[in-house]
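Counted from 1, the sequence shown has number 109 at position 109 by full-length UniProt numbering; the numbering is strictly sequential. Accompanying notes for the structure given below.
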Amino acid sequence: MLAAFSAATAYAGRTPQNKGWVYKLVSEAAREIHREGERADTPAERVARVQALVILDSIRMFDGDVALRAATERETPQFLAWLSSLKELKDELEAGISPEVLMSRDRPPASWENWVLLESVRRTVMMAFSFICISYILKSQEPPCEIMEPCISFTVSRHLWEAPSSVAFFQSWHHKPQYCVSEMDFKEVWMHARPDDVDDFAKLMLTAQAGPDAMEYFMVGNANISVGA
Numbered sequence: 001m002l003a004a005f006s007a008a009t010a011y012a013g014r015t016p017q018n019k020g021w022v023y024k025l026v027s028e029a030a031r032e033i034h035r036e037g038e039r040a041d042t043p044a045e046r047v048a049r050v051q052a053l054v055i056l057d058s059i060r061m062f063d064g065d066v067a068l069r070a071a072t073e074r075e076t077p078q079f080l081a082w083l084s085s086l087k088e089l090k091d092e093l094e095a096g097i098s099p100e101v102l103m104s105r106d107r108p109p110a111s112w113e114n115w116v117l118l119e120s121v122r123r124t125v126m127m128a129f130s131f132i133c134i135s136y137i138l139k140s141q142e143p144p145c146e147i148m149e150p151c152i153s154f155t156v157s158r159h160l161w162e163a164p165s166s167v168a169f170f171q172s173w174h175h176k177p178q179y180c181v182s183e184m185d186f187k188e189v190w191m192h193a194r195p196d197d198v199d200d201f202a203k204l205m206l207t208a209q210a211g212p213d214a215m216e217y218f219m220v221g222n223a224n225i226s227v228g229a
């Protein structure tokens, strides 16, 4: 992840004068991620390698540089293999229990750390699937639907995500709002959540669904937003 963030920071600050150096840094970061990712063993490492590739491949795919995009396309099979492994991890962590049940307030997680890991896996799988779909569509190809998750769910709650300790997390679990979002259905969030309830990832997803204007109204407390079910 450090290699990905370093490359992304350099890319964001690129100029015509240092563009060549930045492209070289991005390419070197990608090689490092692939090298280190092959040694990933723990669940956290399996999450991190996919997150790092989403960051790097977003740069390489959409920059417009032919060489960067070609490298991304060559490495897509590896990306898909890591994504498939991450999906298997998600299924293992959920242990065959539906997300709606797992996210029930009456069923608190075994630990704060377990919840953060599972939610991180869910969100990473969602973003990785989205990136793969977009990249295939841009090439006028059918996305590899056989690896796609038919029902992706995650929890919307800034209180849970920003809890500074295990005690604060479980207090928030029992007393603060949380919303289970499945198949990108944010109806309950739009209807009942307050701006203070929404974490940064959820803000991004809400903006993608309804647009920046609707999101701006929501964040200032305007609940009169018409969003399709």
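We put the beta carbon where it would ideally sit given N, CA and C, even for glycine.
Exercise for the section: Note down the Cα distance separating Val-66 from Leu-86, rounded to an integer number of angstroms. Expected result: Here residue 66 refers to the residue found at position 66 when the sequence shown is read from its first residue. Here residue 86 refers to the residue found at position 86 when the sequence shown is read from its first residue. When rounded, the distance between both Cα atoms is 29 Å.
Handout entry: Whole-angstrom distance between Pro-177 and Gly-221, CA atom to CA atom
Key = Counting from one through the sequence shown, the residue named residue 221 turns up at place 221. Counting from one through the sequence shown, the residue named residue 177 turns up at place 177. Taking the straight line from one Cα to the other gives about 16 Å.
Problem - Under 9 Å between C-beta atoms of Ser-165 and Asp-57 - result: Position 165 of the sequence shown, counted from the start, is the residue given in the question as residue 165. Position 57 of the sequence shown, counted from the start, is the residue given in the question as residue 57. Contact: no.
Problem - Spatial distance of His-192 from Thr-124 (CA atoms) - result: Here residue 192 refers to the residue found at position 192 when the sequence shown is read from its first residue. Here residue 124 refers to the residue found at position 124 when the sequence shown is read from its first residue. About 26 Å.
Practice task
May I ask you to list the residues that DSSP assigns as paired with Val-156?
Solution key: Residue mapping note: residue 156 aligns to position 156 of the sequence shown, counting from 1. In the DSSP output, where bridge partners are listed per residue, Val-156 has Tyr-179.
Practice task
Please work out which residues of its chain come closer than 8 Å, Cβ to Cβ, to Phe-170, disregarding the five sequence neighbours upstream and downstream, and give them in chain order.
Solution key: In the sequence shown, counting from the first residue as 1, residue 170 sits at position 170. Residues of the same chain with a CB within less than 8 Å of the CB of Phe-170, apart from the 5 flanking positions on each side, are Pro-108, Trp-112 in chain order.
Exercise for the section: Please state if the CB of Val-156 and the CB of Asp-197 are separated by a distance shorter than 9 Å. Expected result: Numbered from its first residue, the sequence shown carries residue 197 at position 197. Numbered from its first residue, the sequence shown carries residue 156 at position 156. Going by C-beta atoms, Asp-197 is nearer than 9 Å to Val-156.
Problem - Within the stretch 45-120, ranges of the alpha helix (DSSP H) (whole runs, at least 4 residues) - result: 66-74, 76-94, 99-102
Handout entry: In chain order, each beta strand (DSSP E) run of at least 3 residues that lies wholly inside the stretch 176-215
Key = 179-182
Exercise for the section: Between the Cα of Met-61 and those of Glu-162, Tyr-23, Leu-206, Met-184, spot the shortest distance and give me the residue it belongs to. Expected result: Numbered from 1 along the sequence shown, position 61 holds the residue referred to as residue 61. Answer by Cα proximity: Tyr-23.
Handout entry: Cutoff 6 Å; reference Trp-161; Cβ partners in own chain excluding five residues on either side
Key = In the sequence shown, residue 161 corresponds to position 161, counting from 1. Within its own chain, the residues whose Cβ lies closer than 6 Å to the Cβ of Trp-161, once the five positions on either side in sequence are excluded, are Asp-199, listed in chain order.
Exercise for the section: Report the rounded CA-to-CA distance for Arg-194 versus Ser-172, giving the unit in angstroms. Expected result: Along the sequence shown, read from residue 1 onward, the residue named residue 194 stands at position 194. Along the sequence shown, read from residue 1 onward, the residue named residue 172 stands at position 172. Going by the C-alpha atoms only, they are around 15 Å apart.
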